[in-house]
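Each residue of the sequence shown is one higher than the last, beginning at 193 in my numbering.
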Amino acid sequence: MPEKFISIQEALDNGKGKVAVRGWIYRERGSNQFKFLVLRDSTNMIQCVLPHDKFKKQWKEIDKLMIESSVEVEGVVKKEPRAPTNYDLQVEKIKIIQAAEPFPIAKDQSTEFLADNRHLWLRSRKMTAILKIRSSVFGAIDEYFKGEGFYEYHSPIFQSVQAEGGSTLFEVPYFGNKGVFLAQTWQLYAEPAIFALEKIYTIAPSFRAEKSKTSRHLTEYWHAEMEAAWINFDELNDYGEALLKFIVGKVLSKNKKELEVLGRDIKKLEPTLKKKFPRMTYDDVLKLLKKKYKLNISWGKDLRTIEEDRLSELYDVPVIVTRYPKKVKAFYMKEDPKNPKVVLGADFIAPEGYGEIIGASEREPDIKKIKDRLKEQGEDPKEYEFYLDTRRYGSVPHAGFGMGVERVIAWICGLDNIKDAIPFPRTMIRWQP
Ligand code: 4AD
Ligand code: MG
């Protein structure tokens with residue numbers, strides 16, 4: 193075999209000439225005369241033709257090759273309109289790296305079976321396409337924030353306080369100590385750092401002991417969060433809107449092929465690039481849902497999945513819902529100076545029923561108000577002293593948000609379930625393999 197291999201995509205782009213490629217057998221069929229192997233690598237696939245005449249010595253092994261075997265081949269690329277990617281590779285040499293055992297995954301397998309064999313299912317065309325888009329999304333988040341002058345900053349995963357409600361907190365054994373939890377958010381450990389860096393972001397795992405088995409909840413998900421000093425509520429929402437536009441723009445420019453593999457109608461994503469996201473208050477949403485769907489939601493109740501879904505049906509871009517009732521939102525959200533019953537918090541509701549993709553808020557500066565709300569939730573404000581110090585030494589207006597990266601990927605890819613937006617999904621009932 194030669195020293196230099198090229199990717200299958202490069203071989204197809206060349207369209208002719210002698211090449212060496214390597215990868216895994218995606219499909220195989222054969223007769224006494226020929227063996228046809230569709231070979232895939234991370235870039236594409238090409239049909240390889242092996243005539244019996246040329247491979248008499250190796251024929252026994254070649255004839256037995258099954259899917260997912262790994263091989264290296266050298267041969268000549270030729271146009272062949274009947275082949276899956278319009279070219280054939282007329283093989284001259286083949287080296288079998290490993291002859292695979294019968295691959296457990298065949299057609300029409302149940303979701304459960306595929307979940308048990310997730311480590312193998314990752315190689316499917318569907319998962320490969322999603323994983324490529326996922327990589328673009330992560331890259332876009334970094335590029336966006338770096339471009340806006342944000343520093344990347346990291347908070348601990350082992351934390352000593354809750355931020356998003358005790359009911360979804362994972363407590364972990366920690367050398368016999370109590371009160372050690374997995375991060376639900378970076379936020380309480382990020383706010384102290386704006387006094388040093390002013391504008392910061394991260395992409396890190398967050399953990400929620402969600403007892404709900406829905407298509408949009410994971411117990412471990414990747415959380416893109418930002419926090420910035422001196423910005424107000426509208427500027428915060430501007431950042432969220434610009435970030436989502438940037439991500440969708442990147443995926444549309446880099447991943448057309450993958451979106452096609454997934455059967456995603458890209459017309460559904462294009463409005464997000466072009467249109468401004470509607471911003472409306474919680475009160476407006478109640479009125480709208482009443483008018484359009486005759487839904488009666490009593491003031492003060494959080495919006496549920498069905499209500500968010502109904503709202504999302506009315507728009508083809510994310511909707512920014514602002515000024516929720518204080519009692520349904522986290523203790524750190526700033527009270528609206530014009531109405532103490534609501535907070536300067538926003539949820540970005542994705543189109544097509546993908547739910548809340550961003551949770552955002554301006555932060556409450558008043559220590560007493562923060563303490564009162566912690567107490568209302570049954571928390572001991574003493575545990576939060578380190579956090580309250582952010583309001584004691586040069587406190588400034590500041591705000592931030594968190595974006596559920598898998599929710600955004602599920603929406604962009606048009607997935608039925610958030611589980612396919614992450615390689616090894618963790619839910620209440622799934623933590624293996
Ligand atoms: O709305 P949340 O709970 O907000 C926070 O955690 C804030 N501390 C963020 C901040 O201001 N820095 O979570 C933020 C986002 C949600 O909008 C949602 O997209 C996602 O995280 N999310 C989940 N994604 C998948 N599975 C879950 N169980 C999720 N819970 C929240
Ligand atoms: Mg939220």
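Cβ coordinates follow ideal geometry from the N, Cα and C atoms, glycine included. Bear in mind that the values here come from a model prediction, so they are computed numbers and not experimental data.
Could you tell me which residues DSSP puts in a beta bridge with residue i?
i      : result
GLN201 : DSSP, once it has assigned bridges, lists no residue as partnering GLN201.
ALA421 : HIS590
VAL513 : MET472, ASP539
TYR343 : ILE392
GLU548 : ILE541
SER398 : TYR413
TRP216 : ARG232, SER262
ASN531 : ASP528
PHE387 : Note: PHE387 sits in no beta bridge, so no partner.
PHE350 : LEU374
ASN369 : TYR366
GLY209 : VAL269
PRO243 : PHE226
LYS238 : Residue identity differs from the one stated: residue 238 is Ile in this sequence, not Lys. DSSP output for ILE238 lists LEU231 as bridge partner(s).
ASP280 : GLN239, LYS270
GLY596 : HIS415
Within its chain, find whatever has a CB closer than 7 Å to the CB of residue i; leave out the 5 residues flanking it on each side and keep chain order.
i      : result
ASN429 : ARG471, ILE512, ALA538, ALA552
PRO276 : VAL230, MET237, GLN239
ALA632 : Lying outside 193 to 625, the shown extent of the chain, residue 632 is not represented and no answer is given.
Are there any heavy atoms of the ligand 4AD lying less than 6 Å away from the beta-carbon of residue i, as far as the coordinates show?
i      : result
TYR336 : no
ARG201 : Residue identity differs from the one stated: residue 201 is Gln in this sequence, not Arg. Because no heavy atom of the ligand 4AD lies under 6 Å away, the Cβ of GLN201 does not count as near it: no.
ARG599 : yes
GLN250 : no
LEU487 : no
GLU390 : no
TYR381 : no
GLY596 : yes
HIS590 : no
GLU356 : yes
THR464 : no
PHE593 : yes
HIS409 : yes
TYR413 : yes
THR582 : no
GLU417 : yes
THR235 : no
THR377 : yes
Do the CB positions of residue i and residue j come within less than 7 Å of each other?
i      : j      : result
PHE228 : GLU260 : no
GLY432 : PHE337 : no
GLU575 : VAL353 : yes
LEU454 : ALA321 : yes
GLU266 : GLU284 : yes
VAL509 : PHE469 : yes
THR360 : GLU402 : yes
ILE489 : LEU506 : no
ARG214 : GLU412 : no
GLN290 : SER262 : yes
GLU556 : LYS519 : no
VAL269 : ALA203 : yes
ARG456 : GLY331 : no
ASP501 : GLY545 : yes
ASN447 : ILE610 : no
PHE399 : PHE362 : yes
ARG565 : PHE616 : no
GLY492 : PRO532 : no
GLU264 : MET193 : yes
PHE342 : LYS405 : no
GLU383 : THR582 : yes
VAL588 : ALA421 : yes
Residues in its own chain within less than 6 Å of residue i by CB, not counting five upstream and five downstream?
i      : result
ALA355 : GLN376, THR377, GLN379, LEU380
VAL329 : ILE439, ILE601
VAL597 : TRP414, ALA416
ILE550 : GLY432, PHE540, PHE593, MET595
GLU554 : PHE425, LYS526, LEU536, ALA591
GLN201 : THR235, ASN236
VAL604 : The sequence shown places Ile at residue 604, not Val. Here the set comprises VAL443.
Closer than 8 Å by C-beta to residue i: which residues in its own chain qualify, once you throw out the five before and the five after it? Chain order, please.
i      : result
ASP528 : ARG515, VAL534, VAL535, LEU536
SER316 : ILE297
PRO397 : ILE349, ALA375, GLU412, TYR413, TRP414, HIS415
GLY209 : VAL268, VAL269
Is any heavy atom in the ligand COA found nearer than 6 Å to the beta carbon of residue i?
i      : result
ARG400 : No copy of the ligand COA occurs in the structure displayed; its ligands are the ligand 4AD and the ligand MG alone.
Counting only beta-carbon atoms, is residue i nearer than 7 Å to chain D?
i      : result
GLY368 : In the displayed structure, chain D is absent; only one protein chain is listed.
Discussion item. Residues around the ligand MG, please: the ones whose beta-carbon is closer than 6 Å to some heavy atom of it, in chain order.
Written reply: That gives ASP539, GLU548, GLY551.
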